[in-house]
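**Q**
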Amino acid sequence: HAKENGRNNYQFFEQDMNVLAVERHSIEGGLRRALERQEFMLHYQPKINLETGTISGVEALVRWQHPQRGLILPEQFVWIAEDCGLIVPMGAWVLREACRQAQAWQDAGLPPIPVAVNISAMQFRHKDFLESLTGILKDTGLAPRYLELELTESVLMHDADSTACILKVLKAMGVRLAIDDFGTGYSSLSYLKRFPIDTLKIDQSFMRDITHATADSDDAAIVAAVVSMGKSLNQRVIAEGVETREQLAFLQAQGCGEGQGFYFSRPVTAEELVTLLRTGIAASIFI
Ligand code: C2E
Ligand code: MG
Ligand code: MG
Ligand code: MG
Numbered sequence: 358h359a360k361e362n363g364r365n366n367y368q369f370f371e372q373d374m375n376v377l378a379v380e381r382h383s384i385e386g387g388l389r390r391a392l393e394r395q396e397f398m399l400h401y402q403p404k405i406n407l408e409t410g411t412i413s414g415v416e417a418l419v420r421w422q423h424p425q426r427g428l429i430l431p432e433q434f435v436w437i438a439e440d441c442g443l444i445v446p447m448g449a450w451v452l453r454e455a456c457r458q459a460q461a462w463q464d465a466g467l468p469p470i471p472v473a474v475n476i477s478a479m480q481f482r483h484k485d486f487l488e489s490l491t492g493i494l495k496d497t498g499l500a501p502r503y504l505e506l507e508l509t510e511s512v513l514m515h516d517a518d519s520t521a522c523i524l525k526v527l528k529a530m531g532v533r534l535a536i537d538d539f540g541t542g543y544s545s546l547s548y549l550k551r552f553p554i555d556t557l558k559i560d561q562s563f564m565r566d567i568t569h570a571t572a573d574s575d576d577a578a579i580v581a582a583v584v585s586m587g588k589s590l591n592q593r594v595i596a597e598g599v600e601t602r603e604q605l606a607f608l609q610a611q612g613c614g615e616g617q618g619f620y621f622s623r624p625v626t627a628e629e630l631v632t633l634l635r636t637g638i639a640a641s642i643f644i
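Just so you know, we're using full-length UniProt numbering here: the sequence shown kicks off at 358 and counts up by one.
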């Protein structure tokens, strides 16, 4: 009996895998067409200076405006784009569009703020990455100091020597560098010294358990440690996933410089961001 069940289970599994493979294949095709038909768009989420409450920067986040399925979030397609290599042209589109938009805001007379772009491993390691980036900055006219690249620990730790090389060139260009989802990967603390990193973005998972200003959970201790390490190493520290005023109060008590999260604003369209830049965020940071 057990054997039969096993075989049945296996067949179910195989069927599921076929469905997955078909689904995946169709998503791949869809992604290819999406690039050609310009179905990707960027939303922007503000980063807030926790002392002044002003917007200190924005992060560009890709969305897929699917003609039938509506707005699709990156969790659903970025990993597939990475798997099939499409992330390289898609990532180049994201970089170009974010730089174009940041320059357009400046041209419209808005206070200049850096735009941050997420870069995936394959894109970062691609032989044309630096050349492509240089071309994009030149074409869009955006000064390199207004571009920040968000790299995860897994991107950085893959091959430390070549990483150090690429980061050095980027740094010399004047581009800012951030470690995204900090604390979730396998970073060696010595690399923080070796790599020219400007910003640590504390992963949002550490914020979840912080329920009051004087929280003393393990997560709270980790956040406090990263904030103090950032200070010693002269790096900006930004907390991701700030959803409540209690979390904000905790971060302010720790002296964390910046925050990003639904408490301040969800990711919004380029148009809506203009309003936020003009009027400021609705949430108060003085609590
Ligand atoms: P990430 O770079 O860590 O971006 C932060 C994610 O957290 C965004 O999700 C954002 O909408 C969400 N978020 C912001 N504040 C809060 C909050 O207070 N609470 C909660 N629960 N979530 C919050 P999104 O836009 O769905 O993006 C997910 C991930 O997809 C990003 O994580 C990033 O790794 C990746 N991604 C997004 N855009 C791009 C892109 O253009 N290129 C690449 N390679 N990856 C991208
Ligand atoms: Mg990011
Ligand atoms: Mg993150
Ligand atoms: Mg993330």
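Using N, Cα and C, we set each Cβ at its ideal position, and we do this for glycine too.
Computed from a predicted structure; not experimentally measured.
1) Can you tell me whether D538 is helix, strand or coil according to DSSP?
2) Identify whether R532 lies in helix, strand or coil by the three-state DSSP scheme.
3) Just curious, the beta strand (DSSP E) that T509 is in, first and last residue?
4) If contact is defined by three or more beta carbon pairs under 8 Å, each pair taking one atom from either stretch, is the segment 570-582 in contact with the segment 526-538?
5) Give the secondary structure of V512 by DSSP, where H, G and I count as helix, E and B as strand, and everything else as coil.
6) Considering only heavy atoms of ligand 2, does any lie closer than 6 Å to the CB of E507?
7) May I ask whether a heavy atom of ligand 3 can be found less than 6 Å away from the beta carbon of D555?
8) Return the CA-CA distance between I476 and E416, expressed in angstroms with no decimal places.
9) Helix, strand or coil for V599 per DSSP?
10) What is the rounded straight-line gap between the Cα of A449 and the Cα of R389?
11) Are the segment 587-597 and the segment 379-387 in contact at 8 Å, needing three or more beta carbon pairs?
12) Hey, would you say the C-beta of D537 is under 6 Å away from at least one heavy atom of ligand 3?
13) By Cβ distance, which residues of its chain are closer than 7 Å to G363, with the 5 residues on each side in sequence left out?
14) At what residues does the alpha helix (DSSP H) containing G492 begin and finish?
**A** This is what the structure gives:
1) strand
2) Inspection of the sequence shows that residue 532 is occupied by Val rather than by Arg. DSSP places V532 in coil when its eight states are reduced to three.
3) 504-509
4) no
5) helix
6) yes
7) no
8) 12 Å
9) coil
10) 14 Å
11) no
12) yes
13) Interpretation of G363 is limited by its pLDDT of 49, a score under 50 that renders its predicted location unreliable; no figure is taken from the coordinates.
14) 486-497
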